[in-house]
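In this note's numbering, the protein residues as written are 6 to 301. Encoded as structure tokens, the structure appears first; notes follow it.
Given below as structure tokens:
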């Protein structure tokens with residue numbers, strides 16, 4: 006079989022009725038159904054098929070299952086396991102926006118978060134937005150970074166995603182429009198090989214309100230992807246990128262598989278794949294990993 010549909014449900018709630026509905030859609034599109042393989046009992050299932058184009062049938066599947074909280078992806082059965090992972094940090098590998106959390110230390114979270122939301126929706130230039138937000142933190146004690154990180158939470162499945170891909174030979178890179186103070190620590194906690202982000206200006210143990218140039222934004226993320234493809238001798242099809250905001254879009258669209266993780270509408274509408282209801286382990290299921298293959 007040339008294609009595979011992966012269904013992933015939260016709370017081990019992938020029922021036979023849901024599976025039957027998905028198969029009915031595939032049959033209606035003229036597909037021939039092959040093997041069904043449980044990747045995680047009651048949670049994640051692969052359905053092999055031929056005779057229907059994955060990109061064409063996927064919208065029909067989403068429409069038929071729109072009332073059900075389920076994630077799905079239809080794609081080729083060959084080359085599913087990727088050899089390079091690029092992941093955004095804020096609201097992807099971690100649950101929050103760390104810059105917004107820093108702003109809370111000076112009572113400006115609401116104002117900064119509003120700018121962040123507009124930037125992540127593609128309504129503001131990222132470089133202008135990050136400079137404006139960081140300027141509002143001028144004079145904040147450097148110790149606020151440690152206090153903020155102490156309360157930062159990893160997204161469910163983040164460590165499993167990175168450690169499993171790494172254990173199976175993939176090179177894993179955290180690339181963020183946030184700050185190196187956080188990415189270096191998150192990368193170590195999850196097992197990334199590299200991390201790239203912006204650097205905050207700090208003088209006399211206080212934030213200066215400046216960001217060191219050059220700013221790491223959407224074009225830099227794309228450049229890092231292209232550099233790693235070249236350096237590691239990879240085909241583009243062997244790469245996967247995941248993120249949630251507009252500054253991730255060039256990277257997501259250039260990767261072999263681009264995934265919107267609980268993404269902003271502009272990202273969800275443009276990315277090849279999406280995860281809306283489940284956690285980051287779903288990206289492992291999309292690559293054909295079963296839970297028995299997970300590194301943690």
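Here a beta-carbon is modelled for each residue, glycine too, at the ideal position from N, C-alpha and C.
{"Query": "Any contact of the region 52-63 with the region 33-44, i.e. 3+ C-beta pairs under 8 Å?", "Result": "yes"}
{"Query": "Any idea what DSSP makes of residue 299, helix, strand or coil?", "Result": "coil"}
{"Query": "For residue 118, collect the residues of the same chain with a Cβ closer than 8 Å to its Cβ; drop the 5 residues on either side in sequence, then sort them by chain order.", "Result": "102, 105, 108"}
{"Query": "Going by beta-carbon coordinates alone, are residue 99 and residue 191 separated by less than 8 Å?", "Result": "yes"}
{"Query": "List the endpoints of the continuous alpha helix (DSSP H) containing residue 279.", "Result": "Here residue 279 belongs to no alpha helix (DSSP H); instead the beta strand (DSSP E) covers 278-280."}
{"Query": "Hey, residue 205 and residue 186: beta-carbon distance below 8 Å or not?", "Result": "yes"}
{"Query": "Return the chain-ordered ranges of every beta strand (DSSP E) run that is complete within the region 143-220 and spans a minimum of 3 residues.", "Result": "176-184, 199-203, 205-208, 211-216"}
{"Query": "Indicate whether the contact test is met: 3 or more Cβ pairs, each with one atom in the region 151-159 and one in the region 61-78, closer than 8 Å.", "Result": "no"}
{"Query": "Can at least three beta-carbon pairs, one atom from the region 143-152 and one from the region 205-217, be found at a separation below 8 Å?", "Result": "yes"}
{"Query": "What does DSSP give as the partner residues of residue 86 in its beta bridges?", "Result": "For residue 86, which the question treats as bridged, DSSP gives no partner whatsoever."}
{"Query": "Compare the beta carbon distance of residue 24 and residue 290 with 8 Å and say whether it is the shorter of the two.", "Result": "no"}
{"Query": "Excluding five sequence neighbours on each side, which residues of the same chain lie with their C-beta closer than 6 Å to the C-beta of residue 296?", "Result": "45"}
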